[in-house]
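In our numbering, the protein residues as written are 305 to 534.
In structure tokens form, the structure reads like this:
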């Protein structure tokens, strides 16, 4: 079976550099042709519920892309698979360490995010993406849990990233209203897989919060967070 190339369209080797390649192979059962195009989709998995999140390859691909690389796959059913990671090869001398500067401004990867999400795999995925980009993440699995986290850490929380629909009596929009009543400067991103109609009164009140549709990718999640701080 030919390699499944996920190279960004039009990507060319850096001038005078080329690419370094890291290969990882196995002798497993291979990847069926029918599912091969989907292996990098967030949350796609062939494992039974509770045995896998479908986030490993999606996260790896996003990290490699952010470094101007790509991943391709060669697989043969009944024989195994080879994953090749291509990253730009750079030849440069090490520069002297820069002198310490002033502390960075909050936001842009240096902020604290309160992440409220009842689906554990989605919560762990979002937390991993944000932490890899430098954010501090406090996690909660319900509105009540989020309120307890807020009680102890409100002074350091810069952004509320919450699902609209949560278990229990507190929804994402209700949390946003309560927390912003105490901290008007708090940034808010609401996530939903149902459309803006799930925002109810919160939308009708014209609150200028960012809405991030599910399922989201690492790239769209980070873009929404950065725009919220812009």
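Glycine included, C-beta positions come from ideal geometry on N, C-alpha and C.
Original post:
Residues in its own chain within less than 7 Å of residue 446 by CB, not counting five upstream and five downstream?
Top reply: 422, 470, 471 and 472
**OP:** For residue 508, name the three-state secondary structure that DSSP assigns.
**Re:** Legend: pLDDT at residue 508 = 43, less than 50; position of this residue unreliable, no value from coordinates given.
**OP:** From the DSSP output, read off the bridge partner residues of residue 392.
**Re:** 323
Original post:
Taking buried to mean at least 16 other C-beta atoms within 10 Å of its own C-beta, is residue 456 buried or exposed?
Top reply: exposed
**OP:** Return the CA-CA distance between residue 460 and residue 342, expressed in angstroms with no decimal places.
**Re:** 39 Å
Subject >> Helix, strand or coil at residue 383 [DSSP, three-state] >> reply: coil
**OP:** Using a threshold of 9 Å, state whether the C-beta atoms of residue 443 and residue 419 are closer than that.
**Re:** yes
Original post:
Expressed to the nearest angstrom, what Euclidean distance is found between the alpha-carbon atoms of residue 324 and residue 376?
Top reply: 13 Å
Original post:
Residues bridged to residue 496 by DSSP?
Top reply: 517
Subject >> Test item: CB-CB of residue 379 and residue 368 under 9 Å >> reply: no
Subject >> Nearest neighbour of residue 452, chosen from 467, 430, 482 and 426 [CA to CA] >> reply: 482
**OP:** Quick one: residues in its chain with C-beta nearer than 6 Å to the C-beta of residue 450, no 5 flanking neighbours on either side, listed in chain order?
**Re:** 420, 444 and 479
Subject >> Ranges of the alpha helix (DSSP H) found wholly within the region 403-459, counting only runs of at least 4 >> reply: 424-436 and 447-457
Original post:
What is the DSSP secondary structure of residue 350, counted as helix, strand or coil?
Top reply: coil
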